[in-house]
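Chemist:
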DNA sequence: ACATAATCGAGACGGTACGTCAGGTCTTCCC
DNA sequence: GGGAAGACCTGACGTACCGTCTCGATTATGT
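Protein chains in written order, with the working numbering: chain B, 127 to 300; chain U, 127 to 300; chain D, 127 to 300; chain G, 127 to 300.
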């Protein structure tokens with residue numbers, strides 16, 4: 127039996143939208159929950175009712191945004207195209223990704239969420255491009271690529287075409 | 127011509143020691159500059175006179191600690207032994223390294239310091255083990271290894287023997 | 127040994143002045159500590175460092191204000207003139223006095239402060255006008271007068287000339 | 127024409143009972159409407175439908191409780207017995223009475239209710255004991271007694287036998 | 001010797017975000 | 001329409017930490 131007033135989906139969307147907009151405008155660190163609430167026309171309590179804090183909120187706001195790939199999986203996508211798309215999206219969202227990964231280092235719960243919503247799905251995507259490899263090799267390649275990308279992000283270096291070529295060259299050697 | 131009271135080296139050491147102790151006890155995030163000053167028997171101003179903030183202070187406190195290997199470089203050290211030592215030290219200091227890299231994402235100045243004092247020196251160390259490779263390959267290997275290690279740290283996975291073997295296997299394939 | 131930066135008296139006065147002004151402008155209940163801090167150009171913490179809360183702060187701001195009687199005690203002041211002056215001051219400050227006494231009902235510490243800083247001094251003043259009475263009668267009269275005044279305040283009835291005459295008639299009968 | 131479901135008297139009694147219990151357990155200030163609703167097995171809206179707020183609710187809950195004296199008025203009751211009964215009841219309910227009078231200072235509507243339901247009825251009771259006095263004297267005595275009692279309450283001093291004797295001595299002198 | 005100048009411990013200060021709490025309203029379904 | 005449940009907006013609260021500042025005391029150099 128579900129009694130009481132149901133959660134207002136419009137409010138939820140307003141909050142996520144406001145979060146996205148504000149984080150893009152001013153950067154993760156400069157945004158406050160109070161400000162998000164104000165922009166969303168919501169109460170602060172409503173935010174804290176549904177998210178444990180700024181980190182989780184921003185993660186939600188951007189994980190839906192990052193996953194905008196329609197995934198019209200015809201056949202197995204190529205590794206290179208996947209990687210290109212991967213880097214394109216990551217470049218756009220780079221400041222947010224860096225901030226989220228950083229924040230996650232101070233917040234175990236956020237760390238788990240980040241893994242489940244961002245890190246693992248992207249790894250799985252890569253893995254799906256490697257069905258022609260032996261299982262052990264697959265893990266190896268996925269780890270190396272993921273490591274290269276995240277390191278690049280954290281060191282604030284560009285995820286551009288040069289990087290993609292570099293990464294593919296590495297993979298080719300394995 | 128330098129007049130005025132000279133810097134007290136004992137105070138500097140007290141502060142670094144107190145920082146180390148407190149960060150190990152309670153973790154980076156839970157420590158405050160005020161607390162460090164109190165423990166060191168120092169004034170807050172003395173800290174801010176010599177360091178720009180908590181991040182740089184902790185970096186100093188631990189970069190001297192991480193690099194305590196005397197580096198009795200006879201000849202070129204082996205890659206595997208270097209990597210093992212590397213991981214051993216990183217495992218001990220893992221929570222601090224994670225926190226520093228995280229904090230650096232919000233603080234460009236700290237980011238630069240971190241690169242200069244921790245990331246690059248370790249990369250150079252690795253590079254020095256690869257003098258038998260072609261220059262292009264060297265960069266490739268250093269990048270991959272560094273990426274694997276930092277990713278491992280940020281994802282809070284162990285830098286144990288299994289990881290070392292895994293990393294060496296990757297390098298062997300390149 | 128008094129070390130450290132000494133308390134800034136100017137800040138203290140700014141806070142008290144801002145408190146007074148705001149309470150007179152908008153009434154006790156509508157004023158917040160945040161607002162007082164902003165108006166005084168002070169930090170909220172500075173307020174909480176020196177006062178336990180809004181109540182004590184307002185009490186301080188107005189107890190110095192209520193006691194503006196120069197007390198050029200030549201001889202024993204007459205009861206009637208004291209009572210007139212008393213009511214004049216209380217009429218002005220009535221909303222604040224009501225609010226303070228009300229707040230004190232929820233806050234034992236404020237209650238004690240209120241007694242010590244406002245209630246008892248005023249009682250002593252009245253007592254000083256009754257040196258020609260027997261001690262027991264003195265207490266009786268002081269209690270009755272004080273009771274009449276506070277009741278009047280709490281019931282939000284005017285402390286005007288009519289009330290003074292009424293009160294004096296009562297005392298005359300005792 | 128009154129259509130729709132009629133008010134549920136059982137719910138009303140549950141709410142008043144829960145209010146009484148909670149206020150006696152934890153004190154007026156520590157009780158919230160949400161809590162009262164929960165204890166009464168009622169919805170918050172049901173409370174706000176019938177009472178303007180916590181103050182009025184508590185007033186109702188206790189005014190029926192304070193006036194539980196059956197008032198078997200044979201003839202004119204004596205002043206002293208009335209005062210004794212008065213103080214006995216007030217002593218029991220002292221914390222609630224203090225809180226209500228305090229709250230009323232911030233809430234004009236509650237102030238009016240408090241006067242009508244508690245202050246004036248008690249005054250009338252006293253007045254009824256003084257039919258042998260001249261009208262002007264009656265008001266005087268009622269005011270003095272009422273003032274003494276409320277002052278005593280607000281200053282958190284006991285309304286015990288000693289106080290009653292004191293009050294009667296005052297009245298005797300008038 | 002004595003002024004100059006910088007360091008040091010202590011702690012007050014302005015500022016800003018935090019997460020919590022209570023009040024009172026609104027929205028659902030059920031009777 | 002009454003009622004239970006509970007989401008919602010609003011706005012104050014008191015705390016925490018940051019980095020700066022202002023004291024008095026100390027310790028070096030330069031005259």
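Cβ coordinates follow ideal geometry from the N, Cα and C atoms, glycine included.
Is the beta carbon of residue 185 of chain D sitting closer than 7 Å to the one on residue 239 of chain D?
Modeler: Yes, these two residues count as a Cβ contact at 7 Å.
Chemist: Determine, using beta carbons only, whether residue 173 of chain D and residue 145 of chain D come nearer to each other than 7 Å.
Modeler: In this structure, residue 145 of chain D does not lie closer than 7 Å to residue 173 of chain D by Cβ.
Chemist: Considering residue 213 of chain G, what are the terminal residues of the alpha helix (DSSP H) in which it resides?
Modeler: 205 to 230 is the extent of the alpha helix (DSSP H) around residue 213 of chain G.
Chemist: Can you name, in chain order, every residue of its own chain whose Cβ lies under 7 Å from the Cβ of residue 222 of chain U, other than the five neighbours on each side?
Modeler: 149, 154, 184 and 188, listed in sequence order.
Chemist: If you count every other CB in all the chains shown that lies within 10 Å of the CB of residue 260 of chain D, and 16 or more means buried, which is it?
Modeler: Burial call: exposed.
Chemist: Select from U:220, U:157, U:236 and U:213 the residue whose C-alpha is nearest the C-alpha of residue 177 of chain U.
Modeler: Closest option to residue 177 of chain U, Cα to Cα, is U:236.
Chemist: Can you give the beta carbon distance from residue 277 of chain U to residue 204 of chain B, rounded, assuming they're within the 8 Å contact cut?
Modeler: Actually they do not touch by this definition, with Cβ atoms about 24 Å apart.
Chemist: Drop a sphere of 10 angstroms on the beta-carbon of residue 175 of chain U, count the other beta-carbons inside from all chains shown, and report buried for 16 or more, exposed for fewer.
Modeler: Residue 175 of chain U comes out exposed.
Chemist: Put residue 139 of chain B into one of helix, strand or coil per three-state DSSP.
Modeler: DSSP places residue 139 of chain B in helix when its eight states are reduced to three.
Chemist: Taking the alpha-carbon positions, what's the residue 297 of chain G to residue 274 of chain G distance?
Modeler: Approximately 11 Å between the Cα atoms of the pair.
Chemist: Is the Cβ of residue 209 of chain U closer than 7 Å to any Cβ of chain B?
Modeler: Answer no: the Cβ-Cβ gap between residue 209 of chain U and chain B never drops below 7 Å.
Chemist: Shorter than 7 Å from the beta carbon of residue 273 of chain U to some beta carbon of chain B?
Modeler: Interface residue, yes.
Chemist: Considering only C-alpha positions, which residue in the set G:214, G:182, G:228 and G:270 is nearest to residue 287 of chain G?
Modeler: Comparing Cα-Cα distances from residue 287 of chain G to each of G:214, G:182, G:228 and G:270, the minimum goes to G:214.
Chemist: Given a cut-off of 7 Å, decide if residue 181 of chain G and residue 233 of chain G are closer than it, judged by their beta-carbon atoms.
Modeler: Yes, they are a contact pair.
Chemist: Helix, strand or coil: which one does DSSP assign to residue 300 of chain D?
Modeler: The answer is coil: DSSP assigns residue 300 of chain D none of H, G, I, E or B.
Chemist: Give me the Cα-Cα distance between residue 231 of chain D and residue 280 of chain G, rounded to the nearest whole angstrom.
Modeler: Going by the C-alpha atoms only, they are around 7 Å apart.
Chemist: So, is residue 135 of chain U buried or exposed, given that buried needs 16 or more other C-beta atoms within 10 angstroms?
Modeler: Label assigned to residue 135 of chain U: exposed.
Chemist: Along chain B, in chain order, which residues have C-beta atoms closer than 8 Å to that of residue 277 of chain U?
Modeler: Result: 269, 272, 273, 276 and 277.
Chemist: When you compare each of U:227, U:289 and U:300 to residue 263 of chain U by their alpha carbons, which one comes out closest?
Modeler: Checking every option, the nearest Cα to that of residue 263 of chain U belongs to U:300.
Chemist: Say whether chain B places a C-beta atom closer than 7 Å to the C-beta of residue 222 of chain U.
Modeler: By this cut-off, residue 222 of chain U is not an interface position.
Chemist: Does DSSP put residue 190 of chain B in a helix, a strand or coil?
Modeler: Helix.
Chemist: Determine, using beta carbons only, whether residue 217 of chain G and residue 285 of chain G come nearer to each other than 7 Å.
Modeler: In this structure, residue 285 of chain G lies closer than 7 Å to residue 217 of chain G by Cβ.
Chemist: Which residues of the region 241 to 269 of chain B have a Cβ closer than 8 Å to any Cβ of chain U? Give them in chain order.
Modeler: Going along the region 241 to 269 of chain B in chain order, one finds 241, 245, 266 and 269 with a Cβ nearer than 8 Å to chain U.
Chemist: So residue 268 of chain U and residue 209 of chain U are supposed to be a Cβ contact under 8 Å. How far apart are they, rounded?
Modeler: Not confirmed; about 11 Å, so no contact.
Chemist: Compare the C-alpha of residue 270 of chain G against each of G:159, G:138 and G:253 and name the closest.
Modeler: Among G:159, G:138 and G:253, the Cα nearest to that of residue 270 of chain G belongs to G:253.
Chemist: Name the two residues that bound the continuous alpha helix (DSSP H) containing residue 165 of chain B.
Modeler: That run of the alpha helix (DSSP H) goes 159 to 166.
Chemist: Check each candidate in B:227, B:143 and B:228 and name the one with the smallest Cα separation from residue 190 of chain B.
Modeler: It is B:143 whose Cα lies nearest to the Cα of residue 190 of chain B.
Chemist: Would you decide whether residue 243 of chain D is buried or exposed? Buried here means 16 or more other CB atoms lie within 10 Å of its CB.
Modeler: Residue 243 of chain D should be labelled buried.
Chemist: Reducing DSSP to helix, strand and coil, say where residue 269 of chain G ends up.
Modeler: Reduced to three states, the DSSP call for residue 269 of chain G is helix.
Chemist: Once the 5 residues before and after residue 227 of chain B are set aside, which same chain residues still bring their CB inside 8 Å of it?
Modeler: Around residue 227 of chain B: 240, 276, 279 and 280.
Chemist: Would you say residue 188 of chain D faces chain G, with C-beta separation under 7 Å as the test?
Modeler: By this cut-off, residue 188 of chain D is not an interface position.
Chemist: Given a threshold of 16 other Cβ atoms within 10 Å of its Cβ, counted over all protein chains shown, does residue 248 of chain U qualify as buried or as exposed?
Modeler: The residue is buried, with at least 16 neighbouring Cβ atoms inside 10 Å.
Chemist: Taking residue 137 of chain U as the query, report the chain B residues whose CB atoms sit under 7 Å from its CB, ordered along the chain.
Modeler: By Cβ distance, chain B contributes nothing, its closest Cβ being about 29 Å from residue 137 of chain U, past 7 Å.
Chemist: Alpha carbon to alpha carbon, what distance is there between residue 202 of chain U and residue 258 of chain U?
Modeler: Their Cα atoms are separated by approximately 10 Å.
Chemist: Could you tell me the distance, in whole angstroms, from the CA atom of residue 166 of chain D to the CA atom of residue 171 of chain U?
Modeler: Rounded to whole angstroms, residue 166 of chain D to residue 171 of chain U spans 26 Å at the Cα level.
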